[in-house]
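Participant:
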Amino acid sequence: MNKDNIVYASLLHDIGKLIGRADLIKKNHSVIGAEYIENSHNEKLSLSEIINAIKFHHADNLKNANIQDNDISYIVYEADNIASGIDRRENVEQDAEDYVNKWSKFDKNLCLSSVFNKIKEDTNYSYLLQDLDEVKEPNYPFNASYDKYGSLKKELDKNIEYIDSPNSLLQLFESIMSYIPSSTDKSQVSDISLYDHVKITAAIASCMNDYFCENNIDNYKNQCFNKAAIENKRKQNYYRLISLDLSGIQDFIYTISSKSALKSLRARSFYLEILLEHIIDEILEYLELSRANLLYSGGGHAYLLLPNTKNTNDCIDKTDKNINNWLLKQFSTSLYLAAASIECSSFDLMNNCSLKFEELSKIMSKKKLQRYNEKQLSSILEQQKTNLKEINRECVICKSSSNKINEENICAFCANLINLGKILVSKRSFGIFILKDSETNLLTLPSINGEDNYLQVKEIADNLQAPDTKNLINASKRIYSVNRWYKGNEKFSCNLWLGNYTCGVSEFEELSKLSTGINRLGVMRADVDNLGQIFSKGFNHENYSTLSRYATLSRLLSMFFKHYIN
39 MNKDNIVYAS LLHDIGKLIG RADLIKKNHS VIGAEYIENS HNEKLSLSEI
89 INAIKFHHAD NLKNANIQDN DISYIVYEAD NIASGIDRRE NVEQDAEDYV
139 NKWSKFDKNL CLSSVFNKIK EDTNYSYLLQ DLDEVKEPNY PFNASYDKYG
189 SLKKELDKNI EYIDSPNSLL QLFESIMSYI PSSTDKSQVS DISLYDHVKI
239 TAAIASCMND YFCENNIDNY KNQCFNKAAI ENKRKQNYYR LISLDLSGIQ
289 DFIYTISSKS ALKSLRARSF YLEILLEHII DEILEYLELS RANLLYSGGG
339 HAYLLLPNTK NTNDCIDKTD KNINNWLLKQ FSTSLYLAAA SIECSSFDLM
389 NNCSLKFEEL SKIMSKKKLQ RYNEKQLSSI LEQQKTNLKE INRECVICKS
439 SSNKINEENI CAFCANLINL GKILVSKRSF GIFILKDSET NLLTLPSING
489 EDNYLQVKEI ADNLQAPDTK NLINASKRIY SVNRWYKGNE KFSCNLWLGN
539 YTCGVSEFEE LSKLSTGINR LGVMRADVDN LGQIFSKGFN HENYSTLSRY
589 ATLSRLLSMF FKHYIN
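The sequence shown begins at 39 in my numbering and counts up by one.
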């Protein structure tokens, strides 16, 4: 079985909700979605097992389905139930959603409620229905009702046939589904978007699938649809919750000199962000998983939901060893990646989510106190001895000693960062190309297998088939688009928001000359307090402290500070 099909089926299982709300179709949204994908002209999506999983992801449909016991429909069905349980939704929209009768239980014009409504005290704000790709102003929550399903469906129609990877489908859905409520049940809190719901469903389904494969379980019906056994099955540890933490961020970013300070500051901060995203994708690609399994990344931290398999444990061990060996070689002890993990079950995800995060936090704290193994400690001492013997010149920015110091007394790494900074302050959107090989002197990145990868920044042509752009895409291991969506090329891992606002100058010295009076700069640093408390106990009731809401809250905060802040 193609592992991608599990992700496709999970992401697409509720696509009928968007179609039905847009076209006022009075059918079960499972049937609407299956018919839509069947007619999509996309050979990767319109396979029979994906169509079955969309059609049969509700119990009433599944119990009468003429399918094999190892059909992925059973996995998608159970993953959907767990994701709905995580959302604390007991009811799922089923047959005959009456969109016309205003007294209906479901209201198609119901807007997505703000997840911030349940922090501290009850409020009642909701979002305009919008496509992220067209949002020019912040979509602040306020009391609103706005029907725009038709235009969102047009965007879906325009892109669905070009989807060629789970990540490209995920990007499309993030763009058009981030403000669509998953449930329009008027009796429940509708603050989980359709995007977040299908993404969590895909993460759960792919973990279950890998766990079943490793343990030679091929009767999915018994595992996922047997009511007598399901309670016990949900207490089995199918999953491993992973936390990544990059230490040394502040010292790394603020290691600058007065020369090219503005470019260096921006580039150092951006480099660390790409470094963590790259490590995340290295893990996901090693495990043949999509970015649906990434719960959160930002500020040097990341959480992933991975299958509880030997392959996952091997991957985390390799990450811990090879990434930190690379960081030691490049930056000595100034940067360190801590990786911690904990087993969990479907029951834990649905009922004990905050407790699992607390346990994981304690494991991470211990991990950061014991950073290096004996071999790594020996290499640190050896490196220090070598540096004492072979000091040639010192970089004026990072103070490292190296044979690769240019005539301005800047090392190759810092010089490349400054070049990156020039692009960050002059370009609104661009691409980050991750290459396995490099003929030029580019910034380096690690890989799980211990080899160097290379980072190249370049504007992306509107036409991806333009010769220069096409050649660079073909040579790339992976691509991140910045502040621009590319919905339909398997090399594009994701879109990253970047706060790259500027007042039109590229150096602090130029900025100081704009001041009234003497040439001086005022510097303000801002920080958001108590974020940790929001994630641990910020929701005003334990029923709202769920995985989906943590993921939604994280995404909205990142979008504000990296996108709307422009």
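We treat Cβ as the ideally placed atom computed from N, Cα and C, and that holds for glycine.
Please say whether residue 466 and residue 498 have beta carbons closer to each other than 9 angstroms?
Facilitator: Not closer than 9 angstroms, so no.
Participant: Between which residues of its own chain and residue 139 is the CB-CB distance below 7 angstroms, once the five residues before and five after are set aside?
Facilitator: Confidence is the limiting factor: at residue 139 the pLDDT is only 44, short of 50, which leaves the residue's position unreliable, though a coordinate-based value still follows. Around residue 139: no qualifying Cβ.
Participant: In chain order, what residues of the same chain lie with their CB nearer than 7 angstroms to the CB of residue 79, ignoring the 5 residues before and after it?
Facilitator: Within the same chain, residue 79 has close Cβ partners 199.
Participant: Skipping 5 residues on each side, what residues in its chain have a beta carbon closer than 7 angstroms to that of residue 91?
Facilitator: So the qualifying residues of the chain are 47, 51, 110, 111, 114.
Participant: Quick check on this structure: which residue in 555, 75, 452, 471 has the alpha carbon closest to the alpha carbon of residue 316?
Facilitator: Checked all of 555, 75, 452, 471; the closest Cα to residue 316 is 471.
Participant: Cα separation between residue 309 and residue 87?
Facilitator: Going from the Cα of residue 309 to the Cα of residue 87 covers about 41 angstroms.
Participant: Excluding five sequence neighbours on each side, which residues of the same chain lie with their C-beta closer than 7 angstroms to the C-beta of residue 479?
Facilitator: Contacts found: 450, 454.
Participant: By a C-beta neighbour count over all protein chains shown, 10 Å radius and 16 as the cutoff for buried, is residue 288 buried or exposed?
Facilitator: Answer is exposed; the Cβ neighbour count stays below 16.
Participant: Which residues mark the beginning and the end of the beta strand (DSSP E) in which residue 460 is found?
Facilitator: No beta strand (DSSP E) contains residue 460, which is instead part of the alpha helix (DSSP H) from 450–462.
Participant: What alpha helix (DSSP H) runs, 4 residues minimum, are completely inside the region 368–436?
Facilitator: Taking only runs of at least 4 residues, the alpha helix (DSSP H) segments lying wholly in the region 368–436 are 384–389, 391–407, 412–427.
Participant: For residue 96, name the three-state secondary structure that DSSP assigns.
Facilitator: Coil at residue 96, not helix or strand.
Participant: With DSSP as the reference, label residue 339 as helix, strand or coil.
Facilitator: Note: residue 339 maps to strand in three-state DSSP.
Participant: Residue 353 and residue 486: beta carbons closer than 9 angstroms?
Facilitator: Contact flag set, yes.
Participant: Roughly how many angstroms lie between the CA atoms of residue 312 and residue 555, to the nearest whole one?
Facilitator: Approximately 39 angstroms between the Cα atoms of the pair.
Participant: Given a cut-off of 9 angstroms on the beta-carbon distance, is the pair residue 263 and residue 256 in contact?
Facilitator: Contact: no.
Participant: Does DSSP put residue 603 in a helix, in a strand, or in coil?
Facilitator: Coil at residue 603, not helix or strand.
Participant: Please return the same chain residues whose Cβ sits closer than 6 angstroms to the Cβ of residue 41, not counting the five positions on each side in sequence.
Facilitator: If we look at residue 41 and ignore the five residues flanking it on each side, its Cβ neighbours are 326.
Participant: Mind checking which residues open and close the alpha helix (DSSP H) that includes residue 114?
Facilitator: Note, residue 114: alpha helix (DSSP H), 110–124.
Participant: Report the rounded CA-to-CA distance for residue 366 versus residue 374, giving the unit in angstroms.
Facilitator: Cα to Cα, residue 366 sits roughly 8 angstroms from residue 374.
Participant: Considering only residues of the region 468–533, which uninterrupted beta strand (DSSP E) runs meet the minimum length of 3 residues and lie entirely inside it, listed in chain order?
Facilitator: Correct list: 468–473, 481–483, 491–496, 514–520.
Participant: Between the C-alpha atoms of residue 488 and residue 98, what's the straight-line distance to the nearest angstrom?
Facilitator: Each residue's alpha carbon lies about 50 angstroms from the other.
Participant: Please return the same chain residues whose Cβ sits closer than 7 angstroms to the Cβ of residue 130, not counting the five positions on each side in sequence.
Facilitator: Interpretation of residue 130 is limited by its pLDDT of 45, a score under 50 that renders its predicted location unreliable; the figure taken from the coordinates is listed afterwards. The residues are 96, 122.
Participant: In chain order, what residues of the same chain lie with their CB nearer than 6 angstroms to the CB of residue 282, ignoring the 5 residues before and after it?
Facilitator: Cβ within range, chain order: 340, 377.
Participant: Once you ignore the five residues that flank residue 241 on each side, which residues in its own chain have a CB closer than 6 angstroms to its CB?
Facilitator: These residues qualify, in order along the chain: 330, 331, 343.
Participant: Quick one: what's got a C-beta closer than 7 angstroms to residue 134's C-beta in the same chain, skipping five residues either side?
Facilitator: Note on residue 134: pLDDT 39, under 50, position unreliable in the model; no value is reported.
Participant: Give the range of the beta strand (DSSP E) segment to which residue 306 is assigned.
Facilitator: It is not in any beta strand (DSSP E) - residue 306 instead sits in the alpha helix (DSSP H) that spans 299–324.
Participant: Could you spell out where the beta strand (DSSP E) holding residue 283 opens and where it closes?
Facilitator: Unbroken beta strand (DSSP E) run through residue 283: 277–285.
Participant: Over what stretch of residues does the alpha helix (DSSP H) that includes residue 50 continue unbroken?
Facilitator: Start and end: 41–50.
Participant: Have a look at residue 505 and residue 207 and give me their C-alpha separation to the nearest angstrom.
Facilitator: When rounded, the distance between both Cα atoms is 25 angstroms.
Participant: Should residue 107 and residue 260 be called a contact, given that it needs their Cβ atoms to be closer than 9 angstroms?
Facilitator: Yes; because the gap between Cβ atoms is below 9 angstroms, this pair is in contact.
Participant: Under 9 angstroms between the Cβ atoms of residue 349 and residue 248?
Facilitator: Against a cut-off of 9 angstroms, the Cβ pair of residue 248 and residue 349 comes out as a contact.
Participant: Can you pull the DSSP bridge partners for residue 334?
Facilitator: Note: residue 334 sits in a beta bridge opposite 341.
Participant: Give the straight-line distance between the Cα atoms of residue 391 and residue 435, rounded to the nearest whole angstrom.
Facilitator: C-alpha separation (whole angstroms): 44 angstroms.
Participant: Suppose you measure from the CA of residue 132 to the CA of residue 150; what does that come to, to the nearest Å?
Facilitator: At residue 132, the pLDDT of 43 sits below 50, so the modelled position is not reliable and the matter cannot be decided from this model.
Participant: Give the DSSP-derived three-state secondary structure of residue 250 in the structure shown.
Facilitator: Looking at residue 250 - three-state DSSP - the assignment turns out to be helix.
Participant: On the premise that residue 543 lies in contact with residue 468, defined as a C-beta separation below 8 angstroms, what is that separation, rounded to the nearest angstrom?
Facilitator: About 19 angstroms; that fails the 8 angstroms criterion.
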